[in-house]
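Numbering (this note's numbering), first residue to last: 29 to 267.
Ideal Cβ placement from N, Cα and C applies to all residues, glycine included.
As the structure is a prediction and not an experimental result, all values here were calculated from the model.
Quick notes on the structure that follows.
Shown next as structure tokens:
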């Protein structure tokens, strides 16, 4: 599979660490030209590093324009930028915290999908993979904003996938359980323990495992699935 993405151009949001960095690295290894978009510097060697805030549609549009100018038309979009937000009981979630989490996780995913769709549909090819969460299916306590934002990612993936289903642009998402990434630093030990206890396999997921699934969905091998949510949850969700 070393040349599975030969000639393809990919943009990965949240590509400086965690799932996004692992996906960007694998895409590069399999032959893609890759741009990453993140607020923080970093990401794999060989990627075009773009700095921007996914809460701003203008900054996403500018990143897409620069990536295409330097690398070529975008064939693959992976939306991995996201935050867990603070672990809070619902009554303690402020307006600002609610809006912060929804803006990054839901607005950012929508803005990035919208930014690449015109070019993909015009060329009659594209693969979009949005990173949701098991929390978007089941809801986690102490995570109302996060759970709601990831449910929004699942729903918009379904809608966009159906919108462009006849254009060979496939839009899917993944719903990981807890994965060993820097995002865990934003959670309390109680919150992490709650999530692991509900995974039948009894462990954290690994970023390499998630990247393998994402890259299949981002490839031409995925040809008859759109608007779908793929679990990678160690058995926590089996539907």
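Candidates 134, 234 and 209: closest to residue 84 by CA position: 134
7 Å Cβ cutoff met for residue 45 and residue 204: no
Cα-Cα separation between residue 66 and residue 80, rounded to whole angstroms: 6 Å
Continuous beta strand (DSSP E) assignments of at least 3 residues falling wholly in the region 191-228: 197-204
Among 32, 59, 78 and 221, the one whose alpha carbon lies nearest that of residue 41: 78
Residue ranges of each beta strand (DSSP E) within the region 41-129, 3 or longer: 61-66, 76-79 and 104-107
Coarse secondary structure for residue 255, derived from DSSP in three states: coil
Alpha carbon of residue 112 to alpha carbon of residue 181, nearest angstrom: 14 Å
Residue span of the alpha helix (DSSP H) that contains residue 147, given as start and end: 136-151
Cβ neighbours of residue 244 in the same chain (closer than 8 Å, five flanking residues each side left out): 250
Sheet register partners of residue 157 (DSSP bridge): 106 and 200
Beta-carbon gap between residue 162 and residue 265 smaller than 7 Å: yes
Residue range of the unbroken alpha helix (DSSP H) whose run includes residue 241: 235-245
Rounded straight-line distance, which links the Cα of residue 121 to that of residue 127: 10 Å
Of the listed residues 220, 61 and 232, nearest to residue 100 (C-alpha basis): 61
Whole-angstrom C-beta distance between residue 173 and residue 202, which should lie under 8 Å: Not confirmed; about 20 Å, so no contact.
DSSP three-state assignment for residue 38, whether helix, strand or coil: strand
Residue 162, DSSP secondary structure in three states: coil
Closest by C-alpha distance to residue 239, when choosing among 36, 221, 43 and 193: 43
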